[in-house]
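S.K.: Protein chains in written order, with this note's numbering: chain Y, 21 to 206; chain P, -16 to 66.
Heads up, the beta-carbon is just placed ideally off N, CA and C, and yes, glycines get one too.
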Amino acid sequence: MGIVQENTAAMVTVQEHDFDAAALTAQLRDDTAGKAGAIVTFIGYVRDYAPDAPTHTLFLEHYPGMCEREITQLCETAKQRWDILDCKVVHRVGELHHKEQIVYVGVASAHRGQAFRAAEFIIDTLKTRAPFWKRETLSSGKQFWVQQRESDARKTASWADPATLEDAASTASNTGATADAGNATS
Amino acid sequence: MTGKTIKVLYFAQVAELTRQREENWTIDAPISAAEWLSRLEVRYPQLAPVARLKLAINQHHAPHDSVIHPGDEVAVFEPVTGG
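#1: Could you please tell me which residues of the segment 103 to 114 of chain Y, in chain order, have their CB closer than 7 Å to any CB of chain P?
#2: Is there a Cβ of chain P sitting closer than 8 Å to that of Leu146 of chain Y, yes or no?
#3: Rounded to whole angstroms, what's the CA-CA distance from Gln167 of chain Y to Gly54 of chain Y? Just pull it up for me.
#4: How big is the Cα-Cα spacing for Ala(-5) of chain P and Thr157 of chain Y?
#5: With distances taken between CB atoms, is the gap from Ile104 of chain Y to Ala138 of chain Y smaller than 8 Å?
#6: Quick check on Trp102 of chain Y: does DSSP put it in helix, strand or coil?
#7: Only counting the same chain, and skipping five residues up and downstream in sequence, which positions put a Cβ closer than 6 Å to that of Phe141 of chain Y?
#8: So the candidates are Y:Leu48, Y:Ala46 and Y:Arg67; which of them puts its Cα closest to the Cα of Ile4 of chain Y?
#9: Would you identify the three-state DSSP class for His123 of chain Y, choosing helix, strand or coil?
#10: Just the chain P side, please: which residues come within less than 8 Å of Ile143 of chain Y by C-beta, in chain order?
#11: Starting from the beta carbon of Lys154 of chain Y, find every residue of chain P whose beta carbon is closer than 8 Å, and list them in chain order.
#12: If you drop the 5 nearest sequence neighbours on each side, which residues of the same chain put their C-beta closer than 8 Å to that of Thr45 of chain Y?
#13: Under a three-way DSSP split, which group does Gly(-14) of chain P fall into?
#14: I'd like to know if Met86 of chain Y contacts chain P, where contact means its C-beta is closer than 8 Å to some C-beta of that chain.
#15: Using the three-state DSSP reduction, which class does Thr61 of chain Y fall into: helix, strand or coil?
#16: Let me confirm a value: Val34 of chain Y is counted as buried when at least 16 other C-beta atoms fall within 10 Å, else exposed. Which label applies?
#17: Residues of chain P with CB closer than 9 Å to the CB of Tyr124 of chain Y, please, in chain order.
#18: Below 7 Å CB to CB, which residues in the same chain sit around Ala34 of chain P once its five sequence neighbours on both sides are set aside?
#19: DSSP three-state label for Ser159 of chain Y, please.
#20: How would you call Arg4 of chain P, buried or exposed, if buried means at least 16 neighbouring beta carbons within 10 angstroms?
#21: Look at the alpha carbon of Thr184 of chain Y and the alpha carbon of Glu6 of chain P, and state the distance between them as a whole number of angstroms.
#22: Taking all protein chains shown into account, do 16 or more other C-beta atoms lie within 10 angstroms of the C-beta of Trp112 of chain Y, making it buried, or fewer, making it exposed?
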């Protein structure tokens, strides 16, 4: 599936086709030029389910309408909580192949710390709030729906509890812009 | 949506188990989500245990102590796994 013309202006997009991460970041840069001192981006990819269980395809189902609204709400919450200028999320659905891009999160801010925190908040909370469901098809032919991980629920909970916010924030600022992209499915 | 019906949506694993994606249910009066889930389990025993299932009412996450009203859109699904 090729890349079609990107609707880079939207804050939140759920789409079947692949996205152009560079175009999305360029749009974010244009929109915040002169004000933004930092843009943090996260890209999640389809990876093997496990080292001994290579993935053939990943199918993503979603709840249209609620899905976009939930992600928009997470972006709005991030804007209220941190001093960020803009953010952008693109999430794919449908049948995705091994190594393909799944999700893009981009956040622009005057300062990097705020952008790191907001970006990590958005991807962490998206994983437990946005109504998407993944079905794995392994190279062996085995097919199953992915179960939500307890660690994902704990990460979301940590963002809700002000007592642990500082810990979460310091973890966020140690994370590379597109580092550990396997997080998307981990 | 009219009268005393609710629109029920099933997603992913739940849709596979019920072999339905959408159906209308009749409810006589507002009902707690927990009570409605127990009715769902009677209709679709293959969904048991229903306590693990998540609900959205009118496209908002809804805990099991929420109240479902006639006219609502109720979605039933396993914990989400996006990202």
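M.R.: Quick answer:
#1: His111
#2: As a position in the first sequence, residue 146 of chain Y is number 126, starting the count at 1. Chain P, which has a Cβ nearer than 8 Å to the Cβ of Leu146 of chain Y, makes this yes.
#3: On the first sequence, position 147 is the one that residue 167 of chain Y refers to. On the first sequence, position 34 is the one that residue 54 of chain Y refers to. Their backbone Cα atoms lie some 43 Å apart in a straight line.
#4: Working through the second sequence from its first residue, we reach residue -5 of chain P at position 12. Working through the first sequence from its first residue, we reach residue 157 of chain Y at position 137. So the two alpha carbons sit approximately 14 Å from each other.
#5: For this step, residue 104 of chain Y is matched to residue 84 along the first sequence. For this step, residue 138 of chain Y is matched to residue 118 along the first sequence. It is a contact, given that the beta carbons lie within the stated cut-off.
#6: To locate residue 102 of chain Y, count along the first sequence from 1; it is residue 82. Annotated three-state conformation of Trp102 of chain Y is coil, per DSSP.
#7: Reading the first sequence from its first residue, position 121 is the one you call residue 141 of chain Y. Cβ neighbours of Phe141 of chain Y beyond the five flanking positions: Ala98 and Trp179.
#8: Outside the shown range of chain Y (21 to 206) lies residue 4 of chain Y, about which nothing can therefore be said.
#9: Here residue 123 of chain Y is taken as the residue at index 103 of the first sequence, counted from 1. Note that residue 123 of chain Y is Val in the sequence shown here, rather than His. In this structure, DSSP gives Val123 of chain Y an extended state, which the three-state scheme calls strand.
#10: As a working note, residue 143 of chain Y is residue 123 in the first sequence. Within chain P, the residues near Ile143 of chain Y are Gly66.
#11: Residue mapping note: residue 154 of chain Y aligns to position 134 of the first sequence, counting from 1. Near Lys154 of chain Y (Cβ distances below 8 Å), the residues of chain P are Thr64 and Gly65.
#12: Numbered from its first residue, the first sequence carries residue 45 of chain Y at position 25. Taken in chain order, the residues that qualify are Ile59, Thr61 and Gly126.
#13: The count along the second sequence starts at 1 and reaches residue -14 of chain P at position 3. In this structure, Gly(-14) of chain P counts as coil in the three-state DSSP scheme.
#14: In the first sequence, residue 86 of chain Y corresponds to position 66, counting from 1. Residue contact check for Met86 of chain Y against chain P: a CB pair falls below 8 Å.
#15: Counted from its first residue, the first sequence places residue 61 of chain Y at position 41. Strand, per DSSP.
#16: Counting from one through the first sequence, the residue named residue 34 of chain Y turns up at place 14. Under this definition Val34 of chain Y is a buried residue.
#17: Along the first sequence, one-based indexing puts residue 124 of chain Y at 104. The premise fails here: Tyr124 of chain Y is roughly 11 Å from chain P at the closest Cβ pair, so nothing lies under 9 Å.
#18: Here residue 34 of chain P corresponds to residue number 51 of the second sequence, with the count starting at 1. Counting only Cβ-Cβ distances below 7 Å, and skipping sequence neighbours, we find nothing.
#19: For the purposes of this step, residue 159 of chain Y is identified with residue 139 of the first sequence, where counting begins at 1. Residue state, collapsed to three classes: coil.
#20: Within the second sequence, the letter at position 21 stands for residue 4 of chain P. Exposed: under 16 other Cβ atoms inside 10 Å.
#21: By 1-based counting over the first sequence, the position of residue 184 of chain Y is 164. By 1-based counting over the second sequence, the position of residue 6 of chain P is 23. A caution first: Thr184 of chain Y carries a pLDDT of 46, below 50, which makes its placement in the model too unreliable to give a value.
#22: Counting from 1 along the first sequence, the entry for residue 112 of chain Y is found at position 92. The sequence given here has Arg at residue 112 of chain Y, not Trp. Label assigned to Arg112 of chain Y: buried.
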